[in-house]
Amino acid sequence: MVPNLTSLPLDLSQLQAALDAVPVPIFVKDPHSYVLLANQAAQNISPLPLQALIGTRGDPFFTPEDLQRTLAFDQEPFKTGQVTVHVEEQWSPQRQHNRWWRTFRQPVFDAQGKPHRLFVVTLDITRQRREQAQVHGERRLLEMLNSSATLAEVLDAFARNYERSFPGMLSSVLLLDAQGKHLHTGAGPSLPKAYCDAIEGVAIGMGVGSCGTAAYTGKEVLVSDIATDPLWKDYAALALSFDLQACWSIPILSAKGQVLGTFANYHAKPRTPTDKELITLRRGAYMVGVAIEHHQTEDLLVAGQKSLKDSAAQTQAILDNMADGVVTFDERGIIESFNKAASTMFGYPAVAVIGSDIALLTPPARHQEYLPYRKKFLSLEPASQESLSIEFEAQRRDGTIFPISLSVSKIAISGRSISIGILRDITVSRQNEAEIRRLAFYDPLTELPNRRLLMDRLKQALVTSTRTGQHGAVMFLDLDHFKQLNDSLGHDVGDILLQQVAARLKSCVREMDSVARLGGDEFVVLLEALSTNVQEAAMQAEIIGLKVLESLGQPYSLREHTHTSTPSVGIAVFQSGGESIDDLLKKADVAMYEAKAAGRNTVRFFDPVTQATLKAQADLVHDLRRGLQAGEFVLHYQPQVNERGVTVGNEALVRWRHPQRGMVPPGSFIPLAETTGVIVPLGKWVLDTACHQLVVWAESAPTARWTLAVNVSASQFIQPDFVVHVKDALDKSGANPQRLKLELTESMLVDDVEDIIVKMNAIKRFGVGFSLDDFGTGYSSLSYLKRLPLDQLKIDQSFVRDVLNDPSDAVIARTVVALGHSLGLTVIAEGVETAEQAQFLSEIGCDAFQGYYYGRPGPAVALPSA
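Under the working numbering, the sequence shown is numbered contiguously, ending at residue 874.
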């Protein structure tokens, strides 16, 4: 099954840019878990380039077992329609060491309210898990120190804990004998037994690998490449035979600084430790030193009470060096210890909380709410090795509230039960989760709900309306002439306007109402709980709509500019009745366009008659596209004659022979083709057909010198490949370019005249001529007019019609003729219907004529041959 990327109802380039700005991996999947879209953060963890990842189900990331589990997770939101959070998923993004992820799966709904896409956000919590595992292991080590565990058991557990915290690391503890001359294996759970046997009892000294040298010097020896380091000269072959290529060794020191052994970590590839790894390994060596000294029974007996105090101090030092807060409390909930991290987290010095109830760390208003958790923590049994974890709101000394996670376990010391709590401030984690939700449901520019959240609220509003019988209303608004502001002052200023509009909209509505931004300058206001009477509900909505007009019509301060903007507002009233959300939005949108058509800066309600008209237009557009493919369009030609009445050319006029509607007049479909973009392919067909007609005329002597004028729309002319298309039409047909004349309207000269001049000059070089149509009806500048490579001006028929009766029209006609001749152009008049009009135009110097007086438009075969 091939995933369908085109069904995403968004602008992909905008969506890709928004997703790439998010620093965590994000995937968009279809119902079959195929990846439709992924951001840059996802690419960074992928073994494949982005394009290769699209269309997969994430296979590069997973083992077959992990893939099946992930696919099952993906299906849950499609079944429930709810966001799912899988707190811990273990998979390998590049088939290396497994990593841990917290994954959020948000279903995206289609127009029918059914989930059809999946928005997957995944946070890498590997470091958090490893740190938790490390903290748990260190806590377990502390527990073992107070139990009957042997030194070998403690060291083995210690080494395994560090290997879990740093995948790929092989940990080893070597103990220095009583004479201080030889090293013996204390722990090496993952090292090859043959290697451990080979180095058993090795004498310490310079050049005896990393551990022998570290034990001899009492200093760290960090060898990143065993194969090349001189300290391994005599032992490199042995280590490399077991694929051990790097070894970092930290001396284990007693409280007095005496070397007790080494804590070493091997790697299968050459590498140097990071600062974090080095700090952690040093702490590990320190803890091993504590463990070794703790088990040196003879020294403890000699040291007596002093040694016990030192051990307690060392344990507290370890706790004070932990990143997480650690608190211990007795069976009554009374705090007995409070490490440095906990003091920093809560703002209390240890002496201020020791002896106080654990409830001191929570808001007084929530003590009753937290009572069940307190009972669970205090009821834990030391022998069960069970731990309980929760997330809740804590309170600092200064009264500020913040979220923390708390994990509690219980141990027995000298017959007493002591609870150990590990505290972690999760403020940043909560903020990250909130940011992900904000990006998913809110517009980042205005902080308003986005389309996704609006659709959800609309769905709920329809349900509520059905239950209560109250009406609601959807208000669709668009800023008038917003594009002009963007083009003139820039998008940054446009963004400031949108933010101010959002703020004003929120001030116009009630607390229960919703204001959303769909994108660009389009906003939607959802009004709920209006009257049960439809007329009263409409009046209530209109009052708010007029308030919006008033507020948004006030001047805006945009940096150094003062700008006035107005909205066009469309309103659709609803009361469920089985109406879909999409239909409701379309109705409000239609009403908004009615407001624009009424002159803008006004409010209009949805009108079914308007909707019927729009549907008819939509049907006609569909027929336009189909008709162009089906060959239903033909060209008719209207003669253009000289002052002697001899045909010198024709104007090509497109006609539509609709199979059901008959001959559709141009006025019914040309404007619609312009607004829908169909004019571009239609115009291409007209130009191609006209060139072929020129070739036909060229084969007959009476018509060989005829020119053919072809109208070019503004939409067609601004196409980047228009010049190329003109050249292709001439080349493929073989038409003489000097017989082709392109008619441009004067209104085209309002926009980007420089680009028009460049294109006209390029086409002019082919030999094609230009005529300026409808001259005198637009606002073209004479300074531009003289720069255009024109051949002809055409007097608009609106002036010709009353040229004999209206002195103003007569003056305009004379002026156009005089202006054209002064610029070296010929002048043609269109719409000539009487002999008197023709005589007048001839007398004032008009060069050519066109109109019903000389012939109506018709097929080429009906044209006179001379």
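Just so you know, even glycine gets a beta-carbon here, dropped at the ideal spot from N, CA and C.
For the stretch 151 to 235, which segments carrying the beta strand (DSSP E) assignment without a break, of at least 3 residues, lie completely within its bounds, in sequence order?
Listed in chain order, they are 178 to 184, 191 to 195, 229 to 231.
Where the beta strand (DSSP E) through residue 333 begins and ends
Looking up residue 333 in the sequence shown gives position 325. Residues 333 to 337.
Just checking my contact of residue 173 with residue 274 at CB under 8 angstroms: how many whole Å lie between their CB atoms?
To locate residue 173, count along the sequence shown from 1; it is residue 165. To locate residue 274, count along the sequence shown from 1; it is residue 266. Residue 173 to residue 274, Cβ: 15 angstroms. No contact.
Who does residue 576 pair with in a DSSP beta bridge?
On the sequence shown, position 568 is the one that residue 576 refers to. Beta bridge pairing from DSSP links residue 576 with 486.
Tell me residue 457's beta-bridge partners as DSSP assigns them.
Mapped onto the sequence shown, residue 457 falls at position 449. According to DSSP, residue 457 bridges with 450.
Please name the residue or residues paired with residue 111 in a DSSP beta bridge.
Counting from 1 along the sequence shown, the entry for residue 111 is found at position 103. In DSSP, residue 111 forms a bridge with 94, 130.
Residue range of the beta strand (DSSP E) that includes residue 834
On the sequence shown, residue 834 is found 826 positions in, with the first residue counted as 1. It spans 834 to 838 - the beta strand (DSSP E) in which residue 834 sits, taken as one unbroken run.
Please return the same chain residues whose Cβ sits closer than 6 angstroms to the Cβ of residue 705, not counting the five positions on each side in sequence.
Counted from its first residue, the sequence shown places residue 705 at position 697. Excluding sequence neighbours, residue 705 sits near 711, 714.
Rounded to whole angstroms, how far is the Cβ of residue 450 from the Cβ of residue 505, which I believe are closer than 8 angstroms?
Position 442 of the sequence shown, counted from the first residue, corresponds to residue 450. Position 497 of the sequence shown, counted from the first residue, corresponds to residue 505. Between residue 505 and residue 450 the Cβ distance is about 19 angstroms, and since that is not below 8 angstroms, they are no contact.
How close, in whole Å, do the beta carbons of residue 493 and residue 571 come, if the pair is a contact with beta carbons under 8 angstroms?
In the sequence shown, the residue the question calls residue 493 occupies position 485. In the sequence shown, the residue the question calls residue 571 occupies position 563. Rounded, the Cβ-Cβ distance is 7 angstroms, consistent with contact.
Residue range of the alpha helix (DSSP H) that residue 356 falls in?
The sequence position of residue 356 within the sequence shown is 348, counting from 1. Annotation: residue 356 is outside any alpha helix (DSSP H) and is labelled neither H nor E by DSSP.
Which residues bound the alpha helix (DSSP H) around residue 614?
The residue given as residue 614 occupies position 606 in the sequence shown. Careful: residue 614 lies outside any alpha helix (DSSP H) and carries neither H nor E.
Indicate whether at least one CB of chain D lies closer than 8 angstroms to the CB of residue 672.
Structure shown: chain D not included; a single protein chain is present.
Beta strand (DSSP E) containing residue 241: first to last residue?
One-based indexing of the sequence shown puts residue 241 at position 233. It is not in any beta strand (DSSP E) - residue 241 carries neither H nor E in the DSSP assignment.
If you compare alpha carbons, which of 129, 334, 356, 835 is closest to residue 36?
As a first step, residue 36 is located in the sequence shown; it is residue number 28 there, counting from the start. Scanning 129, 334, 356, 835 for the CA closest to the CA of residue 36 turns up 129.
Got a sec, what are the start and stop residues for the beta strand (DSSP E) residue 255 sits in?
Here residue 255 refers to the residue found at position 247 when the sequence shown is read from its first residue. Following the DSSP letters along the chain, one finds residue 255 inside the beta strand (DSSP E) bounded by residues 254 to 261.
Is the CB-CB distance between residue 297 and residue 257 below 8 angstroms?
Taking the first residue of the sequence shown as position 1, residue 297 is located at position 289. Taking the first residue of the sequence shown as position 1, residue 257 is located at position 249. Result no, Cβ atoms of residue 297 and residue 257 do not sit closer than 8 angstroms.
Would you be able to state if there are at least three C-beta pairs under 8 angstroms between the stretch 482 to 490 and the stretch 419 to 438?
The stretch 419 to 438 vs the stretch 482 to 490: no contact.
Which whole-angstrom value is the C-beta distance of residue 864 and residue 646, which I expect to be below 8 angstroms?
Mapped onto the sequence shown, residue 864 falls at position 856. Mapped onto the sequence shown, residue 646 falls at position 638. Contact flag correct, Cβ pair sits at about 7 angstroms.
Whole-angstrom C-beta distance between residue 611 and residue 577, which should lie under 8 angstroms
If you number the sequence shown from 1, residue 577 lands on position 569. If you number the sequence shown from 1, residue 611 lands on position 603. Taking the Cβ atoms as the reference, residue 577 lies roughly 5 angstroms from residue 611, within the contact range of under 8 angstroms.
Three-pair Cβ contact test at 8 angstroms for the stretch 185 to 194 versus the stretch 280 to 294
Contact fails: fewer than three Cβ-Cβ distances are below 8 angstroms.
Which first and last residues belong to the beta strand (DSSP E) in which residue 418 is found?
Within the sequence shown, the letter at position 410 stands for residue 418. Looking at the DSSP string, the run of the beta strand (DSSP E) that includes residue 418 is 409 to 421.
Pick out the complete alpha helix (DSSP H) segments inside the stretch 774 to 860, 4 residues or longer, and give them in chain order.
If we require 4 residues or more, the alpha helix (DSSP H) runs fully inside the stretch 774 to 860 come out as 790 to 793, 805 to 808, 815 to 830, 843 to 851.
For the beta strand (DSSP E) containing residue 680, name the first residue and the last one.
Within the sequence shown, residue 680 is the residue found at index 672, counting from 1. Annotation for residue 680: no beta strand (DSSP E) segment contains it, though the alpha helix (DSSP H) segment containing it runs 674 to 684.
Which of the three DSSP states is assigned to residue 441 in this structure?
Locating residue 441 in the sequence shown gives position 433, where the first residue counts as 1. In the three-state scheme derived from DSSP, where H, G and I count as helix and E and B as strand, residue 441 is classed as helix.
Just to confirm, is the Cβ distance from residue 386 to residue 396 under 8 angstroms?
Within the sequence shown, residue 386 is the residue found at index 378, counting from 1. Within the sequence shown, residue 396 is the residue found at index 388, counting from 1. No; because the gap between Cβ atoms is not below 8 angstroms, this pair is not in contact.
Per-residue DSSP class, three states only, for residue 570:
In the sequence shown, counting from the first residue as 1, residue 570 sits at position 562. Three-state result, residue 570: strand.
Report the option in 664, 448, 810, 399 whose CA atom is closest to the CA atom of residue 370.
Numbered from its first residue, the sequence shown carries residue 370 at position 362. Nearest option by C-alpha distance: 399.
Residue 350: which of 735, 412, 42 sits nearest, CA to CA?
Position 342 of the sequence shown, counted from the start, is the residue given in the question as residue 350. Measuring from the Cα of residue 350, the nearest candidate turns out to be 412.
Where do the N-terminal and C-terminal ends of the alpha helix (DSSP H) with residue 378 fall, by residue?
The residue labelled residue 378 in the question sits at position 370 within the sequence shown. It spans 375 to 386 - the alpha helix (DSSP H) in which residue 378 sits, taken as one unbroken run.
Kindly indicate which three-state DSSP category residue 122 falls into: helix, strand or coil?
Sequence index remark: in the sequence shown, residue 122 carries index 114 (1-based). Look at residue 122 here: in three-state DSSP terms it is coil, with no helix or strand label.
For residue 815 and residue 809, what's the separation of their Cα atoms in angstroms?
As a position in the sequence shown, residue 815 is number 807, starting the count at 1. As a position in the sequence shown, residue 809 is number 801, starting the count at 1. Going by the C-alpha atoms only, they are around 12 angstroms apart.
Counting pairs of beta carbons, one from the stretch 581 to 599 and one from the stretch 551 to 561, are three or more of them closer than 8 angstroms?
No: the two stretches stay apart, fewer than three of their Cβ pairs being nearer than 8 angstroms.
In terms of alpha-carbon separation, which member of 279, 574, 472 lies closest to residue 237?
As a first step, residue 237 is located in the sequence shown; it is residue number 229 there, counting from the start. The candidate whose alpha carbon is nearest that of residue 237 is 279.
So, for residue 822: in the same chain, excluding its five sequence neighbours on each side, which residues have a beta-carbon less than 6 angstroms away from its beta-carbon?
For this step, residue 822 is matched to residue 814 along the sequence shown. Cβ within range, chain order: 852.
Taking the C-alpha atoms as reference points, what is the distance between residue 45 and residue 632?
As a working note, residue 45 is residue 37 in the sequence shown. As a working note, residue 632 is residue 624 in the sequence shown. Rounded to whole angstroms, the separation of the alpha carbons of residue 632 and residue 45 is 34 angstroms.
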